[in-house]
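Before any comments, here is the structure.
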Amino acid sequence: MIKIQKNILLSEYTSFKIGGLAKYFCVIKNSDEIKEALEFAGENKLKVFILGGGSNLLISDEGFDGLVIRIMNQELRIENNEIFIDSGLSLIKLVNESVKNNLTGLEYLAGIPGTVGGAIVNNAGAFGKCMGDVVESVEILNIKYWILDIKKLNNKQCDFSYRDSIFKKEKKCIILNAVLKLNKGNQEKSKKIITEILKSRKEKQPLEYPSAGSVFKNPVVDDKHLENLMIKCPELKGIVENNTIPAGWLIEQIEGLKGKKIGGAMISEKHCNFIINFNNAKSEDVIILISLIKQKIRSHFGIQLKEEIEYMGF
Ligand SMILES: Cc1cc2nc3c(=O)[nH]c(=O)nc-3n(C[C@H](O)[C@H](O)[C@H](O)COP(=O)(O)OP(=O)(O)OC[C@H]3O[C@@H](n4cnc5c(N)ncnc54)[C@H](O)[C@@H]3O)c2cc1C
């Protein structure tokens with residue numbers, strides 16, 4: 002039987018350490034418990050929000066007037082080069098387990114916080130590799146119109162693209178588990194890659210402060226736009242890759258943005274695509290910084306930045 006708690010502070014459950022009260026909150030450890038939680042929401046006509054590790058979210062200080070279901074189902078099984086994994090398991094644990102079992106394919110996701118479910122929703126990735134590269138299938142609980150229906154989607158049906166998937170658009174489903182297909186690897190080689198990745202993250206990212214990682218997706222511009230930008234900023238030549246420009250680089254080019262503070266939030270000086278909570282930031286502080294960045298980048302470069310993070314409770 003699940004325990005439904007009342008008035009739980011959501012800032013405790015996000016990497017940003019920002020967020021007001023959830024009217025109702027529960028932790029679920031298996032599919033039966035998810036169904037139980039949904040029944041409670043149905044009976045009480047509550048809105049539902051599915052929470053993983055809370056590492057890609059900006060939650061409003063106003064909180065959430067419904068039921069937050071924190072997904073913590075944790076099973077993991079490995080058969081040959083396939084991993085059968087529950088959505089609540091931490092991505093960091095998944096990467097470690099895959100390497101322990103001499104499998105390769107997940108090393109570049111080392112150090113990304115959050116759960117497997119969140120990583121599938123966001124098609125989390127780094128260094129050109131992403132979750133969608135290894136997902137074979139995903140089992141979901143479709144909760145449209147309160148009809149609980151379990152379905153299995155193959156990789157194509159998940160519609161993965163850069164930091165996106167069908168699950169980011171279609172909010173009426175809960176990821177229960179997934180099957181990942183990896184390749185046989187060499188444990189020592191994988192460990193070496195992971196050590197390098199973690200070192201690079203520590204050097205380049207402000208990991209000492211609460212944040213939600215990169216706030217914006219790296220924008221893709223067309224050839225003509227890129228040509229014009231390169232006339233304005235010749236140094237872009239060595240930075241742009243497949244017409245994609247790092248959002249952090251764009252932000253850094255604009256005087257006054259790097260290190261800009263609003264209330265307790267600041268555009269990181271170490272990595273300008275990170276907004277850090279350096280002193281009890283309000284969700285409003287972050288929103289103001291996001292709006293400022295978007296407006297400046299649009300007027301300076303003619304580029305409309307889009308958020309990688311998601312909003313909840315606004
Ligand atoms: C320091 C730091 C570094 C980061 N680096 C990276 C990086 O390199 N690459 C990258 O891609 N991301 C990065 N992130 C962002 C984040 O860690 C990832 O996007 C992560 O995969 C989010 O997972 P989560 O479990 O925390 O999701 P949450 O933030 O809890 O949720 C994100 C979305 O997924 C939904 N969701 C979560 N679980 C489920 C489920 N089981 N079923 C249905 N919906 C679900 C939520 O409703 C929400 O819409 C970073 C974040 C931080 C703080």
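Sequential numbering of the sequence shown, starting at 2, is according to this note's numbering. The C-beta atom is built at its ideal place from N, Cα and C for all residues, glycine as well.
Quick one: what does DSSP say residue i is sitting in, helix, strand or coil?
i	result
Arg164	coil
Cys131	strand
Asn156	helix
Ser61	coil
Tyr312	strand
Ser206	Before going further, note that residue 206 is Gln rather than Ser in the sequence given. Correct three-state label for Gln206: coil.
Val100	helix
Asn123	coil
Met231	helix
Lys307	coil
Lys182	strand
Gly67	strand
Ser91	strand
Leu107	coil
Thr15	coil
Ala282	coil
Val117	helix
Ala213	coil
Ser138	strand
Gln188	helix
Gln6	strand
Report whether the distance from the Cβ of residue i to the nearest heavy atom of ligand 1 is below 6 Å.
i	result
Val122	yes
Leu59	no
Pro114	yes
Gly118	yes
Glu311	yes
Ile176	yes
Gly54	yes
Ile72	yes
Ser91	no
Gly214	yes
Ile35	no
Ile51	yes
Ser32	no
Ser88	yes
Ser16	yes
Gly43	no
Gly303	no
Gly126	yes
My guess is that residue i and residue j are in contact by the Cβ rule of under 8 Å, so how many angstroms apart are they, rounded?
i	j	result
Ile246	Asn219	6 Å
Ile176	Ile141	6 Å
Gly214	Asn57	7 Å
Ile86	Ile29	Wrong, their Cβ atoms sit about 16 Å apart, outside the cutoff.
Cys273	Gly249	4 Å
Asn97	Asn31	Not confirmed; about 23 Å, so no contact.
Cys159	Ile167	6 Å
Are the CB atoms of residue i and residue j nearer to each other than 7 Å?
i	j	result
Gly53	Gly115	yes
Leu183	Asn82	yes
Ser138	Asn124	no
Gly67	Tyr14	no
Phe26	Pro211	no
Ala282	Ile60	no
Tyr109	Ala120	no
Glu309	Phe161	no
Asn280	Gly265	yes
Ser88	Val49	no
Ile72	Leu92	no
Ile144	Lys173	yes
Gly260	Glu270	yes
Ile263	Lys297	no
Gly64	Gly106	no
Leu90	Leu104	no
Leu181	Val122	no
*Count the C-beta pairs between the stretch 32–49 and the stretch 272–292 that are closer than 8 Å, then say yes if the count reaches three, no if not.*
no
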